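Numbering (the numbering used here), first residue to last: 769 to 1179. Just so you know, even glycine gets a beta-carbon here, dropped at the ideal spot from N, CA and C. It should be emphasised that the depicted structure is a prediction, and the values quoted were computed from it without experimental measurement. Report on one structure; see the data block that follows.
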Ligand SMILES: Cc1cc2nc3c(=O)[nH]c(=O)nc-3n(C[C@H](O)[C@H](O)[C@H](O)COP(=O)(O)OP(=O)(O)OC[C@H]3O[C@@H](n4cnc5c(N)ncnc54)[C@H](O)[C@@H]3O)c2cc1C
């Protein structure tokens, strides 16, 4: 992937931005730029949300500049790291299950287009001590949408998955179609496709620039340049409160999350894809070892709010100890296996765990996109298209707009 340097960026982003790319397109008729404004789109943030948004906008024929301060899928971003789950269990939030079903086909189509393996169909086990409302609602949703699933009772769980301690577990909802996505690699692949199709990537920190009335004219880049555009999409993940302190300050929480990868015993494939599914129990989840990475375990610890720029990505002694206790309890054969890798990150939780896609309350050509809330990665491939259509004035679905509006609640 090429990092765009001063000259090529200026050529691509500054000189040509005044051309009436958007205003000449009928789909932008309702949002025609006011006189003197430029007519390209700048997307700030090349994580799962911004990367896909930029790619879809580019595929719609827009001239798009994608700006990221650390690069697509970087280690500080919420979309960084090795892998993310693509699960369909969403209780009564049917929208997200529907999107997941469509996402499978899209991921497979992109894998074929790019010649890259990014999706591993592991199947997913939602383990439970009792049949909760969330699981009952999910069953209803699955029946409605025709999702294949199986309810497995305790005795069968013990027989089918002897590598896991099923103490206290009574049921599981098994969804065979779901699995794991490569995370950082996925972001890089999206960015490469965007660039190959003529999009421009700039590595720089962006700040709000000059305004004219209720319009933003440009963003100021840490390179000293400015990127002018007709429309701006800020898909800044956990940085949204830093970029928009007054609007997003109490609307997004950024708790630290840690993920452990334990080595599997030599020659033992019981914990390896495709021999074990992704799983969840209480507020923890994990994945089988894929491509020798190690068996992934992600328990939830006490909520500590962190700064995505400055938090340390090493584990504390207490975290190492708690991770070990967790794996020893649920997967006894891994109790003495080494921790072969770990990842530290942060979530970007909205007040109701719905995504946020809305206009800035004071800047009419600025869109705020984020609030992945621990489940956003898998949806980037759907949300990106939604945002692109929304920004282009093509999507006018009031229910979706209401679901993704910035809510009144606060942290
Ligand atoms: C540990 C963990 C596990 C998770 N597990 C899952 C899972 O299993 N399944 C799932 O679907 N989701 C999961 N999620 C959630 C999912 O990963 C996130 O919701 C999603 O990746 C968020 O993407 P994003 O594009 O909004 O944010 P990010 O990926 O953080 O991207 C934002 C980007 O904006 C850039 N940026 C910010 N400010 C600026 C600026 N001023 N100028 C330039 N660039 C800027 C950053 O550098 C960054 O690259 C998990 C999250 C975590 C942390």
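**Item:** Proximity winner among 942, 836, 954, relative to residue 896 (alpha-carbon distances)
**Value:** Taking the chain shown and counting its residues from 1, one reaches residue 896 at position 128. It is 942 whose Cα lies nearest to the Cα of residue 896.
**Asked** Where do the ends of the alpha helix (DSSP H) carrying residue 869 lie?
**Response** Numbered from its first residue, the chain shown carries residue 869 at position 101. Residues 862-882.
**Distance CB(residue 871)-CB(residue 1058) smaller than 8 Å** = Numbered from its first residue, the chain shown carries residue 871 at position 103. Numbered from its first residue, the chain shown carries residue 1058 at position 290. For residue 871 and residue 1058, no; Cβs fall outside 8 Å.
**Item:** CA nearest to the CA of residue 1023, picked from 1096, 1102, 1030, 1006
**Value:** Counting from one through the chain shown, the residue named residue 1023 turns up at place 255. Of the candidates 1096, 1102, 1030, 1006, the one whose C-alpha sits nearest the C-alpha of residue 1023 is 1006.
**Message:** Here's the rule: buried if 16 or more other CB atoms are within 10 angstroms of the residue's CB, otherwise exposed. What is residue 1071?
**Reply:** Taking the chain shown and counting its residues from 1, the one referred to as residue 1071 is at position 303. Flag for residue 1071 reads exposed.
**Message:** Could you check whether residue 986 and residue 972 sit closer than 8 Å to each other, using their CB atoms as the reference points?
**Reply:** Here residue 972 corresponds to residue number 204 of the chain shown, with the count starting at 1. Here residue 986 corresponds to residue number 218 of the chain shown, with the count starting at 1. No. Outside cutoff.
**Item:** Proximity test, residue 1066 beta-carbon vs ligand 1 heavy atom, cut-off 7 Å
**Value:** Here residue 1066 corresponds to residue number 298 of the chain shown, with the count starting at 1. Correct: residue 1066 has its Cβ closer than 7 Å to ligand 1.
**Prompt:** Is the Cβ-Cβ distance between residue 1109 and residue 1044 less than 8 Å?
**Reply:** Against the chain shown, residue 1109 aligns to sequence position 341. Against the chain shown, residue 1044 aligns to sequence position 276. Not a contact, by the Cβ cut-off of 8 Å.
**Asked** Between the Cα of residue 838 and the Cα atoms of 832, 847, 830, 831, which residue gives the shortest distance?
**Response** On the chain shown, position 70 is the one that residue 838 refers to. Looking at the Cα atoms, 847 is the closest of the given residues.
**Asked** Is the beta carbon of residue 818 less than 8 Å from the beta carbon of residue 812?
**Response** On the chain shown, residue 818 is found 50 positions in, with the first residue counted as 1. On the chain shown, residue 812 is found 44 positions in, with the first residue counted as 1. Yes.
**Asked** Less than 7 Å between the CB of residue 1052 and some heavy atom of ligand 1, yes or no?
**Response** To locate residue 1052, count along the chain shown from 1; it is residue 284. Outside the cutoff, so no.
**Request:** Examine ligand 1 and report whether any of its heavy atoms sits within less than 7 Å of the Cβ of residue 842.
**Result:** The residue you call residue 842 lines up with position 74 of the chain shown. Yes, ligand 1 has a heavy atom inside 7 Å of this Cβ.
**Item:** Beta-bridge partners of residue 980, as assigned by DSSP
**Value:** Taking the chain shown and counting its residues from 1, the one referred to as residue 980 is at position 212. Bridge partners of residue 980: 983.
**Prompt:** From residue 1081 to residue 1111, what distance separates their C-alpha atoms?
**Reply:** Taking the chain shown and counting its residues from 1, the one referred to as residue 1081 is at position 313. Taking the chain shown and counting its residues from 1, the one referred to as residue 1111 is at position 343. Cα to Cα, residue 1081 sits roughly 7 Å from residue 1111.
**Item:** Beta carbon of residue 851 nearer than 8 Å to that of residue 948
**Value:** Taking the first residue of the chain shown as 1, we reach residue 851 at position 83. Taking the first residue of the chain shown as 1, we reach residue 948 at position 180. It is a contact, given that the beta carbons lie within the stated cut-off.
**Request:** Reducing DSSP to helix, strand and coil, say where residue 896 ends up.
**Result:** On the chain shown, position 128 is the one that residue 896 refers to. Here residue 896 sits in strand by DSSP.
**Request:** Kindly indicate the opening and closing residues of the beta strand (DSSP E) around residue 1029.
**Result:** One-based indexing of the chain shown puts residue 1029 at position 261. Residue 1029 -> beta strand (DSSP E) spans 1024-1030.
**Item:** Same chain only: Cβ atoms within 7 Å of residue 919, ignoring 5 sequence neighbours per side
**Value:** The sequence position of residue 919 within the chain shown is 151, counting from 1. The residues are 939, 941.
**Residue-chain proximity (residue 937, chain B), Cβ-Cβ < 8 Å** = The structure shown contains no chain B; it is built from a single protein chain.
**Chain-order list of residues whose beta-carbon lies under 6 Å from that of residue 934 (same chain, five-residue window excluded)** = Locating residue 934 in the chain shown gives position 166, counting from the first residue. For residue 934, where only same-chain residues beyond five positions count, the Cβ hits under 6 Å are 925, 926.
**Request:** From the DSSP output, read off the bridge partner residues of residue 747.
**Result:** No information on residue 747 is available, as it lies outside the stretch 769 to 1179 that the chain covers here.
**Asked** Nearest to residue 825 by CA position, among 1159, 1165, 1164, 1178, is which residue?
**Response** By 1-based counting over the chain shown, the position of residue 825 is 57. It is 1159 whose Cα lies nearest to the Cα of residue 825.
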